[in-house]
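Colleague: One structure follows; several queries about it will come next.
Protein chains in written order, with the working numbering: chain A, 1 to 210; chain W, 211 to 285.
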């Protein structure tokens, strides 16, 4: 890391820390669909962070424990009026939409990662359930598209002065929840209830979901 | 004029040092320092490569967005 990059990084972290202490941070759970974002929302809720949801999208066979969505998020970048309400809470913002979050807030993002083949397989199942054609784009092409898409998005987040991200692997979370939970709690300055978060991890759901 | 210093010392755990020493036996590396320098250069080059944004055309972006719409996550 160059000196100038180091300075920018230190300033970025300091501003985010200051905002955190002043309750000025919006917590975000992001990722691609089927990467474990709803599970992470549930875990954080259990851990003690209030979720911002409207429960309009109800639980279904693809997400039996609910989607934890807030419909107004989908109206980004036009509608940002809900952001003050999100301060100190956690809101699910799809990977595509974090690019449209305005610069006038600080964001701490838990970004869910998952094996791309598992994501594609799970999305395929969900598309079939929704009556959509999962083969509209060949699987091999979609794999490459999503890989590049995620890589570019991570660079965007890294260079964004108001965003701080913690990348959590859904696969690691399923294998060894304690390690991931510890990392998440550190990201939240140790304010979470790790035991309750651990109880929210449902391995049965993982086995059945793709 | 004093000669400009070109190297510095970095500490690594002794077990790792022993492991590297064993690994470079019979290779072209003449010291642990040479090997560690080589590995670090490779790692840094690879990280720099990873940090470069890849070209993503509008058509490709639209394919991803279409997928997200089909899944009900985007209007």
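Yeah, the Cβ is synthetic: ideal placement off N, Cα and C, and Gly gets one too.
Closer than 6 Å by C-beta to residue 56 (chain A): which residues in its own chain qualify, once you throw out the five before and the five after it? Chain order, please.
Modeller: As a working note, residue 56 (chain A) is residue 56 in the first chain. Contacts found: 71.
Colleague: State the DSSP-derived secondary structure class of residue 70 (chain A), mapped to helix, strand or coil.
Modeller: For this step, residue 70 (chain A) is matched to residue 70 along the first chain. Residue state, collapsed to three classes: coil.
Colleague: What is the DSSP secondary structure of residue 95 (chain A), reduced to helix, strand or coil?
Modeller: Within the first chain, the letter at position 95 stands for residue 95 (chain A). Looking at residue 95 (chain A) - three-state DSSP - the assignment turns out to be helix.
Colleague: Where do the N-terminal and C-terminal ends of the alpha helix (DSSP H) with residue 244 (chain W) fall, by residue?
Modeller: Taking the second chain and counting its residues from 1, the one referred to as residue 244 (chain W) is at position 34. Looking at the DSSP string, the run of the alpha helix (DSSP H) that includes residue 244 (chain W) is 242-260.
Colleague: Using the beta-carbon count (16 or more within 10 Å), is residue 128 (chain A) buried or exposed?
Modeller: The residue labelled residue 128 (chain A) in the question sits at position 128 within the first chain. With fewer than 16 Cβ atoms within 10 Å of its Cβ, residue 128 (chain A) is classed as exposed.
Colleague: Starting from residue 232 (chain W) and walking both ways along the alpha helix (DSSP H), at which residues does that stretch end?
Modeller: In the second chain, residue 232 (chain W) corresponds to position 22, counting from 1. Unbroken alpha helix (DSSP H) run through residue 232 (chain W): 224-233.
Colleague: Is the beta carbon of residue 69 (chain A) closer than 7 Å to that of residue 92 (chain A)?
Modeller: If you number the first chain from 1, residue 92 (chain A) lands on position 92. If you number the first chain from 1, residue 69 (chain A) lands on position 69. Yes, the pair counts as a contact, with Cβ atoms nearer than the cut-off.
Colleague: Using a Cβ-Cβ cut-off of 7 Å, state whether residue 63 (chain A) counts as contacting chain W.
Modeller: Residue mapping note: residue 63 (chain A) aligns to position 63 of the first chain, counting from 1. Taking Cβ atoms only, chain W never reaches closer than 7 Å to residue 63 (chain A), which makes this a no.
Colleague: With 16 other CB atoms within 10 Å as the buried threshold, where does residue 165 (chain A) fall?
Modeller: Start at 1 with the first residue of the first chain, and residue 165 (chain A) comes out as number 165. Burial is judged here by how many other beta carbons sit within 10 angstroms of a residue's own beta carbon; residue 165 (chain A) has at least 16 and is buried.
Colleague: Is the CB of residue 239 (chain W) under 7 Å away from at least one CB in chain A?
Modeller: What you label residue 239 (chain W) is simply residue 29 of the second chain in a count that begins at 1. With 7 Å as the cut-off, residue 239 (chain W) does not count as an interface residue toward chain A.
Colleague: Grouping DSSP H, G and I as helix and E and B as strand, with all else coil, what is residue 86 (chain A)?
Modeller: Within the first chain, residue 86 (chain A) is the residue found at index 86, counting from 1. The answer is helix: DSSP assigns residue 86 (chain A) an H, G or I state.
Colleague: For residue 197 (chain A), which residues in the same chain have their Cβ closer than 6 Å to its Cβ, ignoring the five residues on either side in sequence?
Modeller: Counting from 1 along the first chain, the entry for residue 197 (chain A) is found at position 197. Taking C-beta separations shorter than 6 Å and ignoring five residues to either side along the sequence, the partners of residue 197 (chain A) in its chain run 43, 46, 47, 181, following chain order.
Colleague: Tell me residue 164 (chain A)'s beta-bridge partners as DSSP assigns them.
Modeller: Along the first chain, one-based indexing puts residue 164 (chain A) at 164. A:108, per the DSSP bridge assignment.
Colleague: Can you give me the start and stop residues for the beta strand (DSSP E) that residue 36 (chain A) sits inside?
Modeller: As a working note, residue 36 (chain A) is residue 36 in the first chain. Careful: residue 36 (chain A) lies outside any beta strand (DSSP E) and carries neither H nor E.
Colleague: Between residue 281 (chain W) and residue 96 (chain A), is the Cβ-Cβ spacing less than 7 Å?
Modeller: Taking the first residue of the second chain as position 1, residue 281 (chain W) is located at position 71. Taking the first residue of the first chain as position 1, residue 96 (chain A) is located at position 96. For residue 281 (chain W) and residue 96 (chain A), no; Cβs fall outside 7 Å.
Colleague: Taking all protein chains shown into account, do 16 or more other C-beta atoms lie within 10 angstroms of the C-beta of residue 38 (chain A), making it buried, or fewer, making it exposed?
Modeller: The residue given as residue 38 (chain A) occupies position 38 in the first chain. Buried: at least 16 other Cβ atoms inside 10 Å.
Colleague: Which class does residue 190 (chain A) belong to by DSSP, given the choice of helix, strand or coil?
Modeller: Within the first chain, numbered from 1, the residue matching residue 190 (chain A) stands at position 190. If DSSP states are grouped into helix, strand and coil, residue 190 (chain A) belongs with coil.
Colleague: What is the C-beta distance between residue 173 (chain A) and residue 81 (chain A), in whole angstroms, given that I count them as a contact (C-beta under 8 Å)?
Modeller: The sequence position of residue 173 (chain A) within the first chain is 173, counting from 1. The sequence position of residue 81 (chain A) within the first chain is 81, counting from 1. Not a contact, Cβ separation roughly 33 Å.
Colleague: Please tell me whether residue 255 (chain W) has its Cβ less than 7 Å away from any Cβ of chain A.
Modeller: Along the second chain, one-based indexing puts residue 255 (chain W) at 45. So no, residue 255 (chain W) is outside the interface.
Colleague: Suppose you measure from the CA of residue 119 (chain A) to the CA of residue 33 (chain A); what does that come to, to the nearest Å?
Modeller: The residue you call residue 119 (chain A) lines up with position 119 of the first chain. The residue you call residue 33 (chain A) lines up with position 33 of the first chain. Approximately 8 Å between the Cα atoms of the pair.
Colleague: How should residue 199 (chain A) be labelled, buried or exposed, when 16 other C-beta atoms within 10 angstroms of its C-beta is the threshold for buried?
Modeller: Mapped onto the first chain, residue 199 (chain A) falls at position 199. With fewer than 16 other Cβ atoms within 10 Å, it is exposed.
Colleague: What residue from A:84, A:131, A:201 has the CA that sits closest to residue 178 (chain A)'s CA?
Modeller: What you label residue 178 (chain A) is simply residue 178 of the first chain in a count that begins at 1. Closest option to residue 178 (chain A), Cα to Cα, is A:201.
Colleague: List the residues of chain A whose Cβ lies closer than 9 Å to the Cβ of residue 250 (chain W), in chain order.
Modeller: In the second chain, the residue the question calls residue 250 (chain W) occupies position 40. In chain order: nothing, as chain A lies at least about 14 Å away.
Colleague: Would residue 145 (chain A) pass as an interface residue toward chain W - the criterion being a Cβ-Cβ separation below 7 Å?
Modeller: Numbered from its first residue, the first chain carries residue 145 (chain A) at position 145. Yes, residue 145 (chain A) counts as interfacial toward chain W.
Colleague: Would you call residue 27 (chain A) buried or exposed, if buried means 16 or more other Cβ atoms sit within 10 Å of its Cβ?
Modeller: As a working mapping, residue 27 (chain A) is identified with position 27 in the first chain. The residue is buried, with at least 16 neighbouring Cβ atoms inside 10 Å.
Colleague: Should residue 64 (chain A) be labelled buried (16 or more other beta-carbon atoms within 10 Å of its own) or exposed?
Modeller: Counting from 1 along the first chain, the entry for residue 64 (chain A) is found at position 64. Burial call: exposed.
Colleague: Chain W beta carbons: is any one of them nearer than 7 Å to that of residue 161 (chain A)?
Modeller: Counting from 1 along the first chain, the entry for residue 161 (chain A) is found at position 161. With 7 Å as the cut-off, residue 161 (chain A) does not count as an interface residue toward chain W.
Colleague: My output table needs one value for residue 49 (chain A): the three-state DSSP class, helix, strand or coil.
Modeller: If you number the first chain from 1, residue 49 (chain A) lands on position 49. Here residue 49 (chain A) sits in coil by DSSP.
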